[in-house]
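Everything on this sheet refers to the single structure shown next.
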Amino acid sequence: MSSTTADAHAGGHGHGHDHPKHLAHHFETLEQQYGSGKLGIWTFLLTEVLFFSALFVAYTMYRAQYPEVFQFASQYLDTNLGAINTIVLLFSSLTVAWGVRNAMLGQHKMLCINLLLTLACAGGFMGIKYVEYSHKFHEGTLWGGHVDSIFKADPADISETMKEHSHAWNGDGELVAVKDLDPVFRQRLGLFFAVYFCLTGLHGIHVLIGMILLTWLLLRAMKKEFGPDHFGAIDFGGLYWHLVDLIWIFLFPLLYLIS
Amino acid sequence: MTPSTNTLERTNYLNATKGFMSWFWTIDHKRLGLMYMWSVVAAFILGGFFALKIRMTLMPGAVDFASQTAEQMNAYNNAFTVHGAVMIFLVIIPSIPAALGNFVVPMMLGAKDVAFPRLNRFSYHLWIIGALLFTGTFFIGNLDTGWTFYPPYSTGSTDNTVILATLGAFVLGFSSIFTGLNFIVTIHKMRPANMTWFRMPLFLWAIYATAVIQILATPVIGISLLLLLVEKTMSIGIFNPELGGDPVFFQHLFWFYSHPAVYIMILPGMGVMSELFATFSRKPIFGYKSIAMSSLAIALFSFIVWGHHMFLSGQSQLMSVIFSALTFSVAVPSAIKVFNWIATMYKGSVAFTTPMIYGMSIIWLFGIGGLTGLFLATLGTDVQFHDTYFVVAHFHYVMVGSALFGFIGGIYYWWPKMYGRMADNFWTKLAWFMSFIGFNLTFLPQFVGGSRGMPRRYAGYGTEAGYDSFNYWSTIGAMILAVGLTMALGTLIYSMFRGRKAPSNPWGGVTLEWQTPTPPPEHNFEIDAFPVGDPYDMNLCEYNGEEEGFLPVNPRADDPCVADVAIDPVYFEPESENAPA
Ligand code: HEM
Ligand SMILES: [Cu+2]
Numbered sequence: 021m022s023s024t025t026a027d028a029h030a031g032g033h034g035h036g037h038d039h040p041k042h043l044a045h046h047f048e049t050l051e052q053q054y055g056s057g058k059l060g061i062w063t064f065l066l067t068e069v070l071f072f073s074a075l076f077v078a079y080t081m082y083r084a085q086y087p088e089v090f091q092f093a094s095q096y097l098d099t100n101l102g103a104i105n106t107i108v109l110l111f112s113s114l115t116v117a118w119g120v121r122n123a124m125l126g127q128h129k130m131l132c133i134n135l136l137l138t139l140a141c142a143g144g145f146m147g148i149k150y151v152e153y154s155h156k157f158h159e160g161t162l163w164g165g166h167v168d169s170i171f172k173a174d175p176a177d178i179s180e181t182m183k184e185h186s187h188a189w190n191g192d193g194e195l196v197a198v199k200d201l202d203p204v205f206r207q208r209l210g211l212f213f214a215v216y217f218c219l220t221g222l223h224g225i226h227v228l229i230g231m232i233l234l235t236w237l238l239l240r241a242m243k244k245e246f247g248p249d250h251f252g253a254i255d256f257g258g259l260y261w262h263l264v265d266l267i268w269i270f271l272f273p274l275l276y277l278i279s
Numbered sequence: 006m007t008p009s010t011n012t013l014e015r016t017n018y019l020n021a022t023k024g025f026m027s028w029f030w031t032i033d034h035k036r037l038g039l040m041y042m043w044s045v046v047a048a049f050i051l052g053g054f055f056a057l058k059i060r061m062t063l064m065p066g067a068v069d070f071a072s073q074t075a076e077q078m079n080a081y082n083n084a085f086t087v088h089g090a091v092m093i094f095l096v097i098i099p100s101i102p103a104a105l106g107n108f109v110v111p112m113m114l115g116a117k118d119v120a121f122p123r124l125n126r127f128s129y130h131l132w133i134i135g136a137l138l139f140t141g142t143f144f145i146g147n148l149d150t151g152w153t154f155y156p157p158y159s160t161g162s163t164d165n166t167v168i169l170a171t172l173g174a175f176v177l178g179f180s181s182i183f184t185g186l187n188f189i190v191t192i193h194k195m196r197p198a199n200m201t202w203f204r205m206p207l208f209l210w211a212i213y214a215t216a217v218i219q220i221l222a223t224p225v226i227g228i229s230l231l232l233l234l235v236e237k238t239m240s241i242g243i244f245n246p247e248l249g250g251d252p253v254f255f256q257h258l259f260w261f262y263s264h265p266a267v268y269i270m271i272l273p274g275m276g277v278m279s280e281l282f283a284t285f286s287r288k289p290i291f292g293y294k295s296i297a298m299s300s301l302a303i304a305l306f307s308f309i310v311w312g313h314h315m316f317l318s319g320q321s322q323l324m325s326v327i328f329s330a331l332t333f334s335v336a337v338p339s340a341i342k343v344f345n346w347i348a349t350m351y352k353g354s355v356a357f358t359t360p361m362i363y364g365m366s367i368i369w370l371f372g373i374g375g376l377t378g379l380f381l382a383t384l385g386t387d388v389q390f391h392d393t394y395f396v397v398a399h400f401h402y403v404m405v406g407s408a409l410f411g412f413i414g415g416i417y418y419w420w421p422k423m424y425g426r427m428a429d430n431f432w433t434k435l436a437w438f439m440s441f442i443g444f445n446l447t448f449l450p451q452f453v454g455g456s457r458g459m460p461r462r463y464a465g466y467g468t469e470a471g472y473d474s475f476n477y478w479s480t481i482g483a484m485i486l487a488v489g490l491t492m493a494l495g496t497l498i499y500s501m502f503r504g505r506k507a508p509s510n511p512w513g514g515v516t517l518e519w520q521t522p523t524p525p526p527e528h529n530f531e532i533d534a535f536p537v538g539d540p541y542d543m544n545l546c547e548y549n550g551e552e553e554g555f556l557p558v559n560p561r562a563d564d565p566c567v568a569d570v571a572i573d574p575v576y577f578e579p580e581s582e583n584a585p586a
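Line by line, the protein sequences give chains A and B.
Just add 20 to wherever you are in the first sequence, counting from 1, and you've got my numbering.
Just add 5 to wherever you are in the second sequence, counting from 1, and you've got my numbering.
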C-alpha cells in the first residue's frame, strides 16, 4: 500500500524513459504498480482473516463443548442493536464501493461525499457498540470470572435493568431464574462473553483502524489527489473496509442469533 | 591491483549518501538488508551470552546441586527463556529472509527494489521495537516461562515480564508478515519479462515458499499472543481451565505457528544451499524442478504436522497417530533436496571456498538434525525423548547447524557484493573448522544424554544422576563454538576495512546479482534490461585471471561493468578456447 503514495520520487536514476507522475521509482509501469498494490492488499486481507481465525476456532470449540451455555448467554445480547449495526455497515460498504468508482471517474466531490458517508457509518457503528458495551459493563455480563458478580449479587441489590434480565430461557425452553442456575453453568457464561468481547473488540479495533485510513483517504481526496490514473489507494482502502464489514456479517449471526 | 568491476572508489549504494538518517530512514533494500544483518548479529551476541550462561551453570561442579538457591534457579530459568526467545524471534526467523533476502532478492530479479520499499523499512523498525520490548524484560523482572509461553504458568503466577515479551513477539510477528508479503508481491510482480517461474534462481523459490508460511502462519501466533495478553491482564478465561477454558488450546495455536516457523528458519537456508552447490560445483543444479517444488511441498506440509509437539499433552491417540504419519511425510521433500545437492556435486568441479564448506557441512548437520526428527515423530520413541536433551540436540542441529550455518555461508557468499571486499580465505576456514567442531562437541553428547532420559530445562542434575560427562563436553564444546563464531565475525569486520578488493563476480555465479558492479549502485543496475536465461548455465561466465574473478562470456556493449575490460585483447581473443561457439 505504501508505494502508492503520491510523493513517489521519480527520477534520480536517469534511464531516459519518462516517468509518469504517480509512478514510484522502482516500478516500470503504472500497471505493474497497481497490480503490485492489488496483490499486496489481497495478501494482507488473507493475513487478516487468519488473524481472526483463532477466535473463530475458539468460538466453534467452546460452542460445541457448551452449546446450552452459548444459547443461554446469547440472550443477553441486544439483537436489535446488532441488526442496526449490520445495516449500517452494509450501507457503508456501498458508499465505499461507490467512492472507488468516483475516484476512477475523477468525480472529486462525490468521492469526498462517499468517503464522508462511510466514515459517518463507521462512527455510528462504534457509537452503537459503545452503547452495547456500556450496557454489559453495567449489567456485569462480562468475561471470565468477572461474569459472576451479577449472579452472585443479593436480589435486593439488583438494579432494575438487571432484574429485567435476571430470568432467561434455558436450552429446554423453560424460564429459569439466573440465580437458580447451576454454579458451573453460571461460570461458563463468562466463556461466552470472553469470546464475545474478544471477537467484537478485535473487530472494533479494525473499525477504528479503518476510520483512520478513511480519514487519511478523505484528506487526500480533498486535495484532489485521486483520478483515473491514480486511484489505487482508494481501491485498496475500500477492500480493507469490505473485509471489516464481512467479518461483522459473520459475527452477527454467530453471536446474536443463536438462541 | 583493483579489479575493474570494483566500484569502491566510485559512487555506490554504500557511499551515495551519508549520515545516520540516510541509513536509519532509508528505503533502499540493500541498506535495510545490511542493517537487518548487523541487528541480527547483535541479537545473536545477546542470545549467545545467555547460552554461555546456561552452559556455565550446567558445567559439573559449577553450581552445587544440593545447595542451589531459589535465585540461582530463577536466573537459570531466565537464561534459557531469554536465550530461546531471542534466538528464535530476533535471530533465526529474520536472519536469512530479512537480511540476505532483502539484500539479494531484488537484485536476483533485476529489479530496483522490493515492491513496497516503505513497508520494508517499517518491518525493520518493527524489528527494533520488538527487540526493545524483549530487552525491556531485563529491567522489570525475571522472564522465566520458556520461549513457548505456555499457560497456565505464563498467565498465572509468573511476573509481568511475560506481557512485554509477548508484546515483543507480537510486534516481531508483524515485522515478519510484512517482509513475507513484500517478497510475495515482489516475486510475483517484479520479475523481468523473460524470467518465468522456472527460470527463477532457487533462492527465490525458497524465499517465496518461506513468505507463504510467513503470511499464513504468523497471524495465528499474533492472535494467540494477544489472547495470552488479555488472559494475563484481564483473566478472560479462554485458556484457564478454572473458567472452562483450555490451556492445551494455546498449545495448538502456538504450534500451528511454531512448527511452520521452523520452516521459516530452514527453507531460506536451503535456498542458500542450492545457490552454493550450483555455483561452486560449476554445474547446473541437479533436479531444479524438484528442488523448487519441494520448497512448496515443505511449506504446505508444515501446516499439518504441528501436533507432533503435543503427543504427550493429552491430545487424542487418533490425532497423535495421524500427526505422526503426516510428520514423516515432511521428511520426503527435505530429503529430495539433500539428494539433489549431493548429485549436483557429483562430477562437478567443486571449489572448496568458505561458503561452499559451510554448505557441505550443512549436509552432514542437517542430516543428523532431520533424521533425529523422525525419531521424535515416532510415537513410541517420543514418549522417551520428549522434553529431554534429545529434543534440544535435534532442534539445535536444524536451527544452528543448518539455518545458522546457512546464514553464515550466505553472508560469506554475498559479502563481496555487500562491501566490495573479500574475506580472508585461511581465517574464515579456520573459523568454520572451530565452529563445526565446537558445535558437534556441544550437541552430539546431548543426544546420548537425552536418550538416557536427561530432562531439559533443569537448573542442575547432581552427580548421582549420571549426566555429568555429557554436560562437561557440552560446555567445552560451547566454548569452542563461541571462539569459532567470534572468529568468523572477526574475519568479516577485518575484511570490511582491509580485505582484498572484490571483483563483481568472485565466485562465478550466473544469477543476476553478479551482473552488477561491486558494490552495486543505488538502483542496483547500470543497464536496463537483461537477457535472462537459465540461472544455472555456468557457461555464461568464465574466470579471468587479471580480474581475479569471473566475467561474462558475451559481455554487452553497454555493460559498464566490463566496459574497461573489454579493451583487454587477451580476453577477447577469438581463438581463446572458451570463446563462444
Ligand atoms: C526433518 C523434519 C523434521 C522432523 C520430522 C521434526 C520432528 C520434530 C518433532 C517430532 C519434535 C517434537 C519433539 C518433542 O517435543 O518431543 C520436534 C521438535 C522441535 N523441532 Fe523438529 N523436526 C524436523 C525439522 C525441524 C527443523 C528444520 C527445525 C528448525 C529449523 C526444527 C525445530 C524444532 C524445534 C525448535 C523443536 C522443539 C521445540 C520445543 O519444544 O521447544 N525441526 N521436531
Ligand atoms: Cu515441529
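Backbone N, C-alpha and C fix where the C-beta goes; we use that ideal spot for every residue, glycine too.
Collapsed DSSP secondary structure at residue i in the structure displayed
| i | result |
| --- | --- |
| B:Thr462 | Here residue 462 of chain B turns out to be Arg, not Thr, going by the sequence shown. Note: B:Arg462 maps to coil in three-state DSSP. |
| B:Asn549 | strand |
| B:Lys506 | strand |
| B:Gly196 | For clarity, residue 196 of chain B is Arg in the given sequence; the question names Gly instead. Note: B:Arg196 maps to coil in three-state DSSP. |
| B:Met427 | strand |
| B:His130 | helix |
| A:Val247 | Note that residue 247 of chain A corresponds to Gly in the displayed sequence, not to Val. In this structure, A:Gly247 counts as strand in the three-state DSSP scheme. |
| A:Gly257 | helix |
| B:Gly242 | coil |
| A:Met146 | helix |
| B:His528 | coil |
| B:Trp152 | coil |
| B:Ala116 | coil |
| B:Gln320 | coil |
| B:Asp33 | coil |
| B:Gln73 | coil |
| B:Pro338 | helix |
| A:Asp265 | helix |
| B:Met388 | Just to set this straight, residue 388 of chain B is Val in the shown sequence, not Met. Helix. |
| B:Gly161 | coil |
Residue(s) in a DSSP beta bridge with residue i
| i | result |
| --- | --- |
| B:Thr393 | B:Pro460 |
| B:Gly415 | According to DSSP, B:Gly415 bridges with nothing at all. |
| B:Asn11 | B:Thr523 |
| B:Leu281 | Paired residue(s): none; B:Leu281 is not in a bridge. |
| B:Phe555 | B:Tyr548 |
Residue i CB to nearest heavy atom of ligand 3 below 8 Å
| i | result |
| --- | --- |
| B:Val310 | With respect to small molecules bound, the structure shown includes ligand 1 and ligand 2 and not ligand 3. |
Taking contact to mean at least 3 C-beta pairs separated by less than 8 Å, is the stretch 281 to 294 of chain B in contact with the stretch 228 to 246 of chain B? no
Against chain A: residues of the stretch 112 to 125 of chain B by CB proximity under 7 Å: Ala116, Lys117, Asp118, Ala120, Phe121, Pro122, Arg123, Leu124
Is it true that the stretch 502 to 520 of chain B meets the stretch 261 to 271 of chain A, where meeting means three or more beta-carbon pairs spaced less than 8 Å apart? no
In the stretch 243 to 260 of chain B, which residues sit with their C-beta less than 9 Å from some C-beta in chain A, listed in chain order? Ile243, Asn245, Glu247, Leu248, Gly249, Gly250, Asp251, Phe254, His257, Leu258
Counting Cβ pairs, one atom from each stretch, are 3 or more of them under 8 Å apart for the stretch 214 to 231 of chain A and the stretch 135 to 153 of chain A? yes
Give a yes or no on contact between the stretch 488 to 498 of chain B and the stretch 255 to 270 of chain A, applying the rule of three or more CB pairs nearer than 8 Å. no
Determine which residues of the stretch 183 to 210 of chain B have a Cβ less than 7 Å from any Cβ of chain A, and write them out in chain order. Leu186, Ile189, Val190, His193, Lys194
If contact is defined by three or more beta carbon pairs under 8 Å, each pair taking one atom from either stretch, is the stretch 209 to 221 of chain A in contact with the stretch 80 to 94 of chain A? yes
Taking Cβ-Cβ distances below 7 Å as the criterion, which residues of the stretch 121 to 143 of chain A are in contact with chain B? none
Chain-ordered residues, beta carbon under 6 Å from a heavy atom of ligand 1: B:Thr153, B:Val267, B:Met270, B:Ile271, B:His313, B:His314, B:Thr332, B:Val335, B:Ala336, B:Ser339, B:Gly375, B:Gly378, B:Leu379, B:Leu381, B:Ala382, B:Asp387, B:Phe390, B:His391, B:Val396, B:His399, B:Phe400, B:Val403, B:Met404, B:Ala408
Identify each residue in the stretch 52 to 67 of chain A for which the Cβ-Cβ distance to at least one residue of chain B is less than 8 Å, and report them in chain order. Gln52, Gly55, Ser56, Leu59, Gly60, Thr63, Phe64, Leu66, Thr67
Quick check: the stretch 181 to 192 of chain B against the stretch 49 to 67 of chain A, are at least 3 beta-carbon pairs closer than 8 Å? yes
Does the contact criterion of 3 or more C-beta pairs under 8 Å hold for the stretch 245 to 258 of chain A versus the stretch 521 to 530 of chain B? no
For the stretch 267 to 280 of chain B, enumerate the residues whose C-beta is nearer than 8 Å to any C-beta of chain A, in chain order. none
Identify each residue in the stretch 150 to 169 of chain A for which the Cβ-Cβ distance to at least one residue of chain B is less than 7 Å, and report them in chain order. Trp163, Gly164, Gly165
With a threshold of 8 Å, are at least 3 pairs of Cβ atoms found where one atom belongs to the stretch 453 to 462 of chain B and the other to the stretch 395 to 408 of chain B? yes
How do the stretch 337 to 350 of chain B and the stretch 408 to 418 of chain B stand: do at least 3 beta-carbon pairs fall below 8 Å, yes or no? no
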